[in-house]
Structures are given as C-alpha cells and as structure tokens.
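S.K.:
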Amino acid sequence: MHRLRLISTRGKSTLAEKLKSAAGGADYGKSKQNFASGSITAKDERGADFRELYVMPKRKLRGQTQLEQATGRAEYKTRSRFDIADRLAERPPRSEEMDPEKQKWSDVWPAARTFASSVVPLPVRMGSRPNVEKRAPFKKEGNLELVKIPNFLHLTPAAIKMHCDAIKKFCTPYPPELLSKSTTLPIQVQYSTYIHQGTNIRDIRSRVVTMIVDVESLKLGDVAMEKFIRLAGDRFDEKSRELTIVTDRCHTRKQNLDYAYYLLTVLYHEANKVEQWAELKERSDNLKVEFEGSSTKTKLTELIEKAKTAGLATDEKSIDEFGKMWKEYRNTEETVETTREYGRQMRKLLGI
Amino acid sequence: MIGRFGLGRVLSRSLSSTEAAQKLTIQPAIERSPTDLLAALSETVGPDTTAPHFAYIDDPITIPSTQSAKKTYFMAKEFGKRAARELAAEWPTLFAFDRDQPQLPAFRPQHLADPLQVEPTEKSLLAMIASREVQDCCVLYERMRSENVEVSEAVQLELFRLVTYYNSSNIPFSEWETFSGMRNYGENEQSAWKSGAVADLLFETLPRTDETVSIMIAGLCKFSDHASLERARNLYKEHKGKIHLEAFNGLIGSSSYSVARKLVVEIEARKIAPSVDTFNALLTAASKIPKFEERVKAFTEVIGEMKTLNQEAPLSSYHLIVKNLIDGKLLDKEQQEDGAYTRQLTLGVSWLNEILETIEGKPLEPVTSTCHLFFVEAMGLLYRASNEKLAKTLLSIYESPTNQVKMPAFTIESMFYNRYLQLAVEQTTSLPRIHDLYTSMVPRLVGVNNALSALLYRKLSASDRHWPLLRRVIIDGITSGQINGILGEEMRKQLCNVELHTLNPTEREQFTALVQKLVAVWIEYSKFTEERMRRLQRKLSPSQISECALLLTRIGETQKAYELLELLLDEEAAQGEEATVLPRGFARPWAMAELFEDALRKRDTYGAATCLQVMALTSTRAKLEPLANRIMEKCNVNAEQERIINGFVRLRPQ
Numbered sequence: 001m002h003r004l005r006l007i008s009t010r011g012k013s014t015l016a017e018k019l020k021s022a023a024g025g026a027d028y029g030k031s032k033q034n035f036a037s038g039s040i041t042a043k044d045e046r047g048a049d050f051r052e053l054y055v056m057p058k059r060k061l062r063g064q065t066q067l068e069q070a071t072g073r074a075e076y077k078t079r080s081r082f083d084i085a086d087r088l089a090e091r092p093p094r095s096e097e098m099d100p101e102k103q104k105w106s107d108v109w110p111a112a113r114t115f116a117s118s119v120v121p122l123p124v125r126m127g128s129r130p131n132v133e134k135r136a137p138f139k140k141e142g143n144l145e146l147v148k149i150p151n152f153l154h155l156t157p158a159a160i161k162m163h164c165d166a167i168k169k170f171c172t173p174y175p176p177e178l179l180s181k182s183t184t185l186p187i188q189v190q191y192s193t194y195i196h197q198g199t200n201i202r203d204i205r206s207r208v209v210t211m212i213v214d215v216e217s218l219k220l221g222d223v224a225m226e227k228f229i230r231l232a233g234d235r236f237d238e239k240s241r242e243l244t245i246v247t248d249r250c251h252t253r254k255q256n257l258d259y260a261y262y263l264l265t266v267l268y269h270e271a272n273k274v275e276q277w278a279e280l281k282e283r284s285d286n287l288k289v290e291f292e293g294s295s296t297k298t299k300l301t302e303l304i305e306k307a308k309t310a311g312l313a314t315d316e317k318s319i320d321e322f323g324k325m326w327k328e329y330r331n332t333e334e335t336v337e338t339t340r341e342y343g344r345q346m347r348k349l350l351g352i
Numbered sequence: 001m002i003g004r005f006g007l008g009r010v011l012s013r014s015l016s017s018t019e020a021a022q023k024l025t026i027q028p029a030i031e032r033s034p035t036d037l038l039a040a041l042s043e044t045v046g047p048d049t050t051a052p053h054f055a056y057i058d059d060p061i062t063i064p065s066t067q068s069a070k071k072t073y074f075m076a077k078e079f080g081k082r083a084a085r086e087l088a089a090e091w092p093t094l095f096a097f098d099r100d101q102p103q104l105p106a107f108r109p110q111h112l113a114d115p116l117q118v119e120p121t122e123k124s125l126l127a128m129i130a131s132r133e134v135q136d137c138c139v140l141y142e143r144m145r146s147e148n149v150e151v152s153e154a155v156q157l158e159l160f161r162l163v164t165y166y167n168s169s170n171i172p173f174s175e176w177e178t179f180s181g182m183r184n185y186g187e188n189e190q191s192a193w194k195s196g197a198v199a200d201l202l203f204e205t206l207p208r209t210d211e212t213v214s215i216m217i218a219g220l221c222k223f224s225d226h227a228s229l230e231r232a233r234n235l236y237k238e239h240k241g242k243i244h245l246e247a248f249n250g251l252i253g254s255s256s257y258s259v260a261r262k263l264v265v266e267i268e269a270r271k272i273a274p275s276v277d278t279f280n281a282l283l284t285a286a287s288k289i290p291k292f293e294e295r296v297k298a299f300t301e302v303i304g305e306m307k308t309l310n311q312e313a314p315l316s317s318y319h320l321i322v323k324n325l326i327d328g329k330l331l332d333k334e335q336q337e338d339g340a341y342t343r344q345l346t347l348g349v350s351w352l353n354e355i356l357e358t359i360e361g362k363p364l365e366p367v368t369s370t371c372h373l374f375f376v377e378a379m380g381l382l383y384r385a386s387n388e389k390l391a392k393t394l395l396s397i398y399e400s401p402t403n404q405v406k407m408p409a410f411t412i413e414s415m416f417y418n419r420y421l422q423l424a425v426e427q428t429t430s431l432p433r434i435h436d437l438y439t440s441m442v443p444r445l446v447g448v449n450n451a452l453s454a455l456l457y458r459k460l461s462a463s464d465r466h467w468p469l470l471r472r473v474i475i476d477g478i479t480s481g482q483i484n485g486i487l488g489e490e491m492r493k494q495l496c497n498v499e500l501h502t503l504n505p506t507e508r509e510q511f512t513a514l515v516q517k518l519v520a521v522w523i524e525y526s527k528f529t530e531e532r533m534r535r536l537q538r539k540l541s542p543s544q545i546s547e548c549a550l551l552l553t554r555i556g557e558t559q560k561a562y563e564l565l566e567l568l569l570d571e572e573a574a575q576g577e578e579a580t581v582l583p584r585g586f587a588r589p590w591a592m593a594e595l596f597e598d599a600l601r602k603r604d605t606y607g608a609a610t611c612l613q614v615m616a617l618t619s620t621r622a623k624l625e626p627l628a629n630r631i632m633e634k635c636n637v638n639a640e641q642e643r644i645i646n647g648f649v650r651l652r653p654q
C-alpha cells in the first residue's frame, strides 16, 4: 500500500494551519514583521527603489548573533557536521557508574596522577570568583586549577592502611629500648632519598648528610668541652647540647657520611689536646662571664659587710642564688623579666 | 674509613664507661627480593572495572567503545611512537639533552645498517644476522659474493639457519618485539617456500651434513606447498645420516596420520627423545583424519603416548584437540540437523571437562607460541554447548594468579571475554546480574558489538524493565555508531516501552536527556543534504518520526514533537535533493493513537488535527470519522473549524 498523498495542493497548508486561520489571528502581524525585516521594498514618489544609506552591513555581526543566541532571542541554527561519529563516540564520565559498595577507590586511583574530572566522583569546585556568595567557584569539568595542584587522592586513609597491612610482613619489631624516652642514642644520621618520575634516577640533593651528635655522650672534661664548643662554632646548639654536622662537599652520600665521621673524630681529638698557649688563658677569655672572681662579687661582699654594720637584716646565704641569677643575667639577652628578677634578688640580698 | 674507626673508638669509650646497660636489640631483617615490596603493594590494587585498558588515555573522548576504535587508537599511538623514534634516529642532535641515567636505548634509536653501504665483512653480516634483518642479510651476502669477499663456512651456516627459518623474508609481524600493536594486529599471508632464493643457494654451497639437511627439511615443511613437501621427503629419503628432531617434527606435521605414525616409529628406532613439538605435530597430523571416531581415537592415542612418556601436555596440544574435535562442516548451522553435531559437541564438552580438571590449580606457563589460543577455542566450544558452569571454571583458571599464559589484549582476549559474556547473558534471567556483568566487561574487555547489543535488547524485552541496563546499552550503542539501522529502531522501541511512572526523578532526568540526545542526533543525520556530505545522510523514516514524536511528548517537548510530525505532512521534506524524510513507510499507528489521545487530553485542537492528518495518510474515512468526532467533542472548536474538519474527513476515500 502506498502512502496516500492527500495534502491540500491549493493552500499547501496543513489541517492545523487551516484551523488556526479559522480561529483568527494566525497571520496577525505577519505583514508588519515582513516590513520590519525589510522584505517589502519601499518606493519613492517617482517609482524608484528606495535605497538605504549605507551605514553598516545589514548582516548581524558575529558577536551580536552570539549574544542573541545566548539570551534566547535568536534561534540557534544547527548544521550537521562531518565529525558526528567522533562526537558521538564520547562516553559519559565513568565516575557516573562507580559504585562505592562494589568498588574500592584505591583500585580506581592506585597511584599519584593528575586530577581527572571524569574519574573523580566528587562535586569539587575550585577557582576564585569575585563574589562567592552569588556565584560558586568553577566546577570540576575542564577546570585547570584542579589539574595544576597536587592531589592526594591515592593516599586516602583506607589506602594507607591497606599499604601498611600489605608490607607489615617485612617489618621487624622496633627496638623496645628506644620506645622509652630515657634512652638517647649518641649519633643520629639524616639524609633524604628522592624518587620521581623521569629519565634519570639521580638527584643531587640525595648526597647531603646531616649528623647530629649528643655532645654529653662524648664525656669531655671542662677544658676539652670548652675547646670543643669553640671549634664547633655555630654547629653546636647550647640549649639541646647537640652538635650538627652537615656534609655535602663530596659526590656521594657514602663519602659525605664518612667525611662527617671524620670531622667528628678530628673534633674530639682536637678538643682533648692541650696546647702550651692554652695555659695563658685568662678570666676574660672564658666563654661566659662567671660570677666567681668578678668585681660584682667583691663589691657585693663589701656592701653586705657595710649593710650588716648599718644594722640591716641582710641575707648572706642567698649570695649563691644571686650569683646564679647574675650569671644568667649577664650571659643572656636582657629582658624586662630578668631585670626585675635582678632587682628582686638584690633587694632580698640587702634585706631592703 | 678513617672516620668509621675514629667513631668506633669514640663511642666505645663513651658508652662503655658509664652505660653498659644501654644495649639495643635489633632483629635481623626479614629477607626479601628487590621486588617483593612492590609485589606486596600491588596486591592491594584490584582491577578497575570502569576504567579503559591502561593503553588508552583515561578521558571520555579517548576511551574506545568498539574493537575497531580500540585498534585505531592503539595503532595511532604506536605509529606516533614510531614516528618519534624515526625522528630521533634521523636527527639525534635535536634530542641531545642526554641526561637519562641509566641510559635508555629507547631514547637513542639508531638506524639499521644499510646493507648496500656497510663494509662487506663477516662482522657486519654477523651483526645483521643477530638483529634478524633477514632480507638485509640476503642483500649483503649477495653483495659480498659479487665483490668476491670470502665468507667462512661457519658464518654461512649461521645465515643458512636464519634464512631457512624465515624463508628468506623478513620476520613476521607476530615476532616483532618493540611494537606490540603491529605484533597483534599485523597480518602476514601464509607464504610458500621461495625456491631459488638465498636459502637454496646456501644449501647448495654448504656441505651436506646432518644439520644442514635437517634445517632444510624443517624449513621446507614450515613453508609447505606441494612441491616443497615433495622435496623435503626426497631429501629425507636420500640422506643417509642422522636427521634431527626438528626435521622429523616438520615432516610429521605435514603428513597424514598413518605416515606420521611411521615417522614416529623411525624416531624411536633412532633413539631420539620426542619433544612437545613432536606431539603437537602428531596432533596436527591426527586432526587431518576426516572421520570423527578415528580422529578422536588418534587424539586419545597421542595423549596416551604423552602420559606414558611422562610428558606433560602443554596448552597448545589441548588447543589442537579442542579445535579439531568437531567436524568443520557441522559448524555450519544448516548442517546441524541430525544428531551428529550434538554427539560431537557432547564428547567435546566431556574432553574439555577432563582437560580443565587436569589443569585446574596448576601453574600454567607458555610452552609454545599457540598456548594462549586454547582458552579462546575452549570458550568457543563451551559457548556452542551453552555450558556456563564450565565456562566459569575456564574463566577462573584464566584469571588465576598462577596462570602465566595470557592472550593478547585487544584481539584474542576480547574474543574470549565476548564469548563468555554472551554465554553468561544468555543463561541468566536476572537483569541486575546481567547489568553487573555487562558494566564490568564493556568496553574494558569486550568491545560493543551488534550481536551483543541485540542479545541484550532481547533480554530486556523478555524480562521486567531495568532502566540502568537499558540506558547503558543505549549509550554504548550511541558511542559505537549503532544509532542508525536495526539497532536504532530497537532503541526507540525499548524507550517507548519504558513506563515513565516507574522511574525515580533522577532516572526520569536521564530518560529526558537520552531522548533529547537521540532525537537531536537522528535529526542531524537526516540533515546531511549537501552534496559532499550526502553519504553520511540517514533520512528519517515516517515510523521513526512518529516514535520520536511520541518520545518527545512523553518528556514534555510537545512543540518539537509536532514540528517533527509536520515533516510527514510536508511534501517537500521527502522530495528533491534537500529531502530529509524517506518517501516510503508509514507512521506507527500505536504511536499516532497515543499522540492523538495525548492531544485530546490537553484539549490541543491543532495537535489533534495534525495527528488526524497524519493518520489520514493511511486510514479510510470510516476510521477517521469517529476520531474527528472526538476532536469536536473534547476540544474547543468553533463552527468554522468544525466545518473544516468535517470537510477534511469527507474528502478521504471510503
């Protein structure tokens, strides 16, 4: 059976159009529209065509069309494009079908990789907008900011726990002696190993070795200790009593480590040596200002004697305490607190 | 070292003096190989079923859906790599930033030596032989002969080995090492023995020893045609010395089973221990027996012989058996009427059952280059027999960590999984299970293909609705170009059958988006009216238009639906060069009826009138009259409009 051709040839209008015109108003304003769009040519009194003054081309500029399309004022005319098969071959983002109950995240993101919006099933946003309350930051799709930053999606707590469990079988127990805080090992050696993706496994920074020595463990005498500190210079931390040696002058880590041990050995033996000129040392050569033998102490003793004769209730015994404070006061940076303490001790000493 | 000793002294003094008790108990390290730690970490990572194969870029536009797309993408990548190597070999100075350590030869590719340019010495010939550039070797050898350069017998023998093994042509694609794409996709035609080539020349030049004759026989049998086989047999008969096993293997493989048996007796008489290849050659000879019963008997004999000699059968032997158990002619559907096919299939499955029981749990390693083919052949047999249980066992054997025999990913492995998936889908009635299976394998392991999609549509129409599966199958169909043709029709049918009230709001949104996309694509395909693009055009058929209109009304896009329907009433849309509608076919009556009812419900006079006019294309006046009456009843129609409608119906033929 062939399709019947029954469309009215007269008007070439469909039944619906006829019904519309019967209801009235279907063609209302059509002529007006036509005139506005310039399809009706106007003629002047002599019958010649009215030629418009050329101001700008009649066609709309691209920006104008785009603006109209974006605001919905103009119809968007689509044209079939050659690459239709390629456009259709695009799959929906695979994060859509991920099921947290059936799939582990660590299977999806097992190692460090650049952010991929189609893989991460999180509605993350990133970027700066002037008014965040009005417009949220940009979505993840096609967001370069998210690609630029390092992400730690492979190091979720669950993944780390799994890794730890997997390699636990290779671990021996930690030395129990070290668990108690009282035990300190005299030498710590620190270095870093650098691993990164690339064509070269070398990294110049890996040669640097830092050795930290607990100086007390060397059991140096007072003289030797002083010499040691002088030799160490700013490598010695007085607060923690630690010596830090950083070696990076050799090419390999092993050489640098050997060199650090060498330096320590030399330092130790040098500190223990007593040279002839060392005996010439005077009080002013001390590392710190001492209370014993200072003019302050002499003057204080005299002052106390005088105060005693004047009948003040002096506290002679606290002169040692004062000495300790004085030593600290002289050997550290002066602060308001230390000055106050100084005054308090002095008043106590003199019984004022 | 000085430092070390110094430290020993320092520490021993400092520690021993006061704190002798400060002793550390450090356990000896647990022994492990350099890769154990990595292996342990990698065990925490399982397969990602939503991801593409790792060879592809994980991005929606680069994840291939079909087998052909996989091949295209993979080969494009590989050709890019080859082009880059070529550039680096041609202009090495442009890539002089040489900081890789240890040195990576892939970054420093070098051109192969040109046989017409290199110095014609034995050394360069040997280097070429080592790099297996067969044709270059031949050219260089002939050049050396023409320039009267002496080639020693040992080098000639080396060359003879190479050219006979490869029939004086370059190595086949299947032996390419660097480029896996070419290895798996490249196809060499079966070549016959090149007579009069360098191999023959060398054979005549070299003295006839056991080795040269054996090499020649093996080569002639490897590239066998009638003449070369005849020559191989003559050589065998004429030679008085001891022939090597490889030559015997070649002769056995290219003979009939009865001749092969005699040759085996000969081997035994010469006290040569048979190898796996001998048995495979024997199985090849046995597979040529035309009668089923005798063939099975021969297979049994060979396997029995292997057991007697404590020779464990490799998977390639099982492959030969499984491949040849059923008569080739019975694989044709028309020939399967009598019971022979069922009988042979049953026997095949029981053989396979035995084989699987033998290899299950054992560590499997590739012995010959065809071992991996066993899996795909066995899956094919099980698919034909619809035996899902054994198929599952086979799959678990293949995927077990003890199995080292792996099929190439995009060619044979995907065939294996495709067969398994089709079998599993056919045997399952539960749509959620099918959904799980399908999403975990497509498109990662199995490319979308028409047979699979058709099977899924069949399953979907047979059981209750399952929207996620339907959506996934349709989306896969869109990505793999099934949108036109019979599967496109199936998509529309399935979507029309979806009961929208059963879907939740999210699913309804998905439905809307899918329908919009499909209709837009069909319309775009129909609009390729320009001359140069017309080959892409797929005109809209009236049935397609009616179904699309129905789907559009269901998602609330009534206006678009009527615009589409009006195409059916527009004569120009189906005529001339600019036509977008097929002139043949009819709108679907059920779709039109629903559209009409919908228009009446909405009291849409014009919509109902359009439907009426479309229905009038195929209906008579008697059928149209009640419809016209309903329009006048339900819709708000004035007298003029009533007259027009009545007039329209009266003008239809009786």
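Here the protein sequences line up with chains F and A, keeping their order. Under full-length UniProt numbering, residue 352 is the last one in the first sequence; the count climbs by one each step, no gaps. Under full-length UniProt numbering, residue 654 is the last one in the second sequence; the count climbs by one each step, no gaps. By construction, the Cβ of each residue, glycine as well, lies at the ideal position given by its N, Cα and C atoms.
Helix or strand or just coil, what does DSSP make of A/Val649?
M.R.: Working through the second sequence from its first residue, we reach residue 649 of chain A at position 649. Three-state DSSP puts A/Val649 in a helix.
S.K.: Quick check: F/Ile167 and A/Leu330, are their CB atoms within less than 8 Å of each other?
M.R.: To locate residue 167 of chain F, count along the first sequence from 1; it is residue 167. To locate residue 330 of chain A, count along the second sequence from 1; it is residue 330. Taking the C-beta atoms as reference points, A/Leu330 is found no nearer than 8 Å to F/Ile167.
S.K.: Buried or exposed: where does A/Thr66 fall if 16 or more other Cβ atoms within 10 Å of its Cβ makes it buried?
M.R.: Position 66 of the second sequence holds residue 66 of chain A. Buried, since its Cβ has 16 or more Cβ neighbours within 10 Å.
S.K.: Is the stretch 50 to 68 of chain A close to the stretch 82 to 98 of chain F, with three or more CB pairs under 8 Å?
M.R.: yes
S.K.: Specify, as a first and last residue, the run of the alpha helix (DSSP H) that F/Leu61 falls within.
M.R.: For the purposes of this step, residue 61 of chain F is taken as the residue at position 61 of the first sequence. Segment: none, F/Leu61 is in no alpha helix (DSSP H) and carries neither H nor E.
S.K.: For A/Leu600, collect the residues of the same chain with a Cβ closer than 8 Å to its Cβ; drop the 5 residues on either side in sequence, then sort them by chain order.
M.R.: What you label residue 600 of chain A is simply residue 600 of the second sequence in a count that begins at 1. Around A/Leu600: Ala608, Arg630, Ile631, Lys634, Cys635.
S.K.: Of the residues that make up the stretch 107 to 141 of chain F, which ones have a beta carbon closer than 8 Å to any beta carbon in chain A?
M.R.: Asp107, Val108, Pro110, Ala116, Ser118, Val119
S.K.: So A/Arg508 packs on A/Leu500, CB below 8 Å; how close in whole Å?
M.R.: The residue labelled residue 508 of chain A in the question sits at position 508 within the second sequence. The residue labelled residue 500 of chain A in the question sits at position 500 within the second sequence. The beta-carbon separation of A/Arg508 and A/Leu500, rounded to 6 Å, stays under the 8 Å limit for a contact.
S.K.: Hey, how far is the Cα of A/Asp327 from the Cα of A/Phe292?
M.R.: Taking the second sequence and counting its residues from 1, the one referred to as residue 327 of chain A is at position 327. Taking the second sequence and counting its residues from 1, the one referred to as residue 292 of chain A is at position 292. Going by the C-alpha atoms only, they are around 7 Å apart.
S.K.: For the stretch 180 to 230 of chain F, which segments carrying the beta strand (DSSP E) assignment without a break, of at least 3 residues, lie completely within its bounds, in sequence order?
M.R.: 187 to 190, 209 to 214
S.K.: Could you tell me whether the stretch 190 to 207 of chain A touches the stretch 219 to 232 of chain A, using the rule of 3 or more Cβ pairs below 8 Å?
M.R.: yes
S.K.: Closest by CA to F/Glu305, which one among F/Tyr329, F/Lys327, F/Leu350, F/Asn272?
M.R.: Here residue 305 of chain F refers to the residue found at position 305 of the first sequence. Nearest neighbour of F/Glu305 by Cα position, chosen from F/Tyr329, F/Lys327, F/Leu350, F/Asn272, turns out to be F/Leu350.
S.K.: Between A/Gln156 and A/Thr205, how many whole angstroms is the CB-CB distance? I'm expecting something under 8 Å.
M.R.: On the second sequence, residue 156 of chain A is found 156 positions in, with the first residue counted as 1. On the second sequence, residue 205 of chain A is found 205 positions in, with the first residue counted as 1. So it is a contact: roughly 6 Å between Cβ atoms.
S.K.: Spatial neighbours of A/Leu201 within its chain, please: CB distance less than 7 Å, with the 5 preceding and 5 following residues excluded, ordered by chain position.
M.R.: As a working mapping, residue 201 of chain A is identified with position 201 in the second sequence. Correct list: empty, nothing qualifies.
S.K.: May I ask you to report which of helix, strand or coil DSSP gives F/Met126?
M.R.: On the first sequence, residue 126 of chain F is found 126 positions in, with the first residue counted as 1. Note: F/Met126 maps to strand in three-state DSSP.
S.K.: Run through DSSP, which three-state label would A/Glu640 get?
M.R.: As a position in the second sequence, residue 640 of chain A is number 640, starting the count at 1. Note: A/Glu640 maps to helix in three-state DSSP.
S.K.: DSSP on A/Leu325, reduced to helix/strand/coil?
M.R.: Here residue 325 of chain A refers to the residue found at position 325 when the second sequence is read from its first residue. The answer is coil: DSSP assigns A/Leu325 none of H, G, I, E or B.
S.K.: Provide the residue span of the alpha helix (DSSP H) that contains A/Val581, from first to last.
M.R.: Your numbering for residue 581 of chain A matches position 581 in the second sequence. Counting along the chain, A/Val581 falls outside any alpha helix (DSSP H), and DSSP gives it neither H nor E.
S.K.: Report all residues from its chain with a CB closer than 6 Å to the CB of F/Pro121; omit the five preceding and five following residues, and keep chain order.
M.R.: For this step, residue 121 of chain F is matched to residue 121 along the first sequence. Annotation for F/Pro121: Ser95, Met98 place their beta carbon closer than 6 Å to its own, counting only its chain and skipping 5 residues before and after.
S.K.: I'd like to check one pair, A/Thr529 with A/Leu595: are the Cβ atoms closer than 8 Å?
M.R.: Locating residue 595 of chain A in the second sequence gives position 595, counting from the first residue. Locating residue 529 of chain A in the second sequence gives position 529, counting from the first residue. At a Cβ-Cβ threshold of 8 Å, A/Leu595 and A/Thr529 do not count as neighbours.
S.K.: Could you check whether A/His244 and A/Glu268 sit closer than 8 Å to each other, using their CB atoms as the reference points?
M.R.: Stepping through the second sequence from its first residue, residue 268 of chain A is reached at position 268. Stepping through the second sequence from its first residue, residue 244 of chain A is reached at position 244. At least 8 Å separates the beta-carbon of A/Glu268 from that of A/His244.
S.K.: The stretch 57 to 80 of chain F: which residues have C-beta closer than 8 Å to a C-beta of chain A, in chain order?
M.R.: Thr78, Arg79, Ser80
S.K.: Tell me whether F/Gly198, by its Cβ, gets closer than 7 Å to a heavy atom of the ligand FAD.
M.R.: In the structure on display, the ligand FAD does not appear, and there are no ligands present to speak of.
S.K.: Go through the stretch 224 to 309 of chain A residue by residue and report every complete run of the beta strand (DSSP E) that reaches 3 residues or more, in order.
M.R.: none
S.K.: Mind checking whether A/Phe375 and A/Phe416 have CB atoms under 8 Å apart?
M.R.: In the second sequence, counting from the first residue as 1, residue 375 of chain A sits at position 375. In the second sequence, counting from the first residue as 1, residue 416 of chain A sits at position 416. Cβ atoms of A/Phe375 and A/Phe416: closer than 8 Å.
S.K.: Going by C-alpha to C-alpha distance, which of F/Lys140, F/Thr339, F/Gly343, F/Lys348 sits closest to F/Lys317?
M.R.: Here residue 317 of chain F refers to the residue found at position 317 when the first sequence is read from its first residue. Closest option to F/Lys317, Cα to Cα, is F/Lys348.
S.K.: Which same chain residues, not among the five before or five after A/Leu395, have their C-beta less than 7 Å away from its C-beta?
M.R.: Within the second sequence, the letter at position 395 stands for residue 395 of chain A. The answer, listed in chain order, is Tyr420.
S.K.: Taking its Cβ as the centre, do 16 or more other Cβ atoms sit within 10 Å of A/Leu133, making it buried, or is it exposed?
M.R.: On the second sequence, residue 133 of chain A is found 133 positions in, with the first residue counted as 1. Strictly speaking, residue 133 of chain A in this sequence is Glu, with Leu absent from that position. Buried: at least 16 other Cβ atoms inside 10 Å.
S.K.: Are there 16 or more other CB atoms within 10 angstroms of the CB of F/Tyr76, so buried, or fewer, so exposed?
M.R.: If you number the first sequence from 1, residue 76 of chain F lands on position 76. Using a 10 angstroms sphere on the CB of F/Tyr76, the tally of other CB atoms stays under 16, which defines it as exposed.
S.K.: Could you tell me the distance, in whole angstroms, from the CA atom of A/Ile573 to the CA atom of A/Thr72?
M.R.: By 1-based counting over the second sequence, the position of residue 573 of chain A is 573. By 1-based counting over the second sequence, the position of residue 72 of chain A is 72. Here the sequence assigns Ala to residue 573 of chain A, which means Ile is not the residue at that position. Approximately 37 Å, taken between the alpha carbons.
S.K.: Exposed or buried, F/Leu67, counting other C-beta atoms within 10 Å across all chains shown (16 or more means buried)?
M.R.: In the first sequence, counting from the first residue as 1, residue 67 of chain F sits at position 67. With fewer than 16 Cβ atoms within 10 Å of its Cβ, F/Leu67 is classed as exposed.
S.K.: Under 8 Å, do A/Thr370 and A/Ser440 count as touching if we go by C-beta distance?
M.R.: Reading the second sequence from its first residue, position 370 is the one you call residue 370 of chain A. Reading the second sequence from its first residue, position 440 is the one you call residue 440 of chain A. Taking 8 Å as the Cβ cut-off, A/Thr370 and A/Ser440 do not qualify as a contacting pair.
S.K.: What in chain A is Cβ-close to F/Lys327, meaning under 9 Å?
M.R.: Translated into positions along the first sequence, residue 327 of chain F becomes position 327. In chain order: nothing, as chain A lies at least about 28 Å away.
S.K.: Around the Cβ of A/His372, are there at least 16 other Cβ atoms within 10 angstroms (buried) or fewer (exposed)?
M.R.: For the purposes of this step, residue 372 of chain A is identified with residue 372 of the second sequence, where counting begins at 1. Burial call: buried.
S.K.: So if DSSP puts F/Ile245 in a beta bridge, which residue, or which two residues, is it bridged to?
M.R.: Taking the first residue of the first sequence as 1, we reach residue 245 of chain F at position 245. According to DSSP, which records beta bridges pairwise, F/Ile245 is partnered with F/Met211.
S.K.: Run down chain F in chain order and give the residues with a C-beta less than 7 Å from the C-beta of A/Tyr438.
M.R.: Translated into positions along the second sequence, residue 438 of chain A becomes position 438. Simply none; closest approach about 11 Å.
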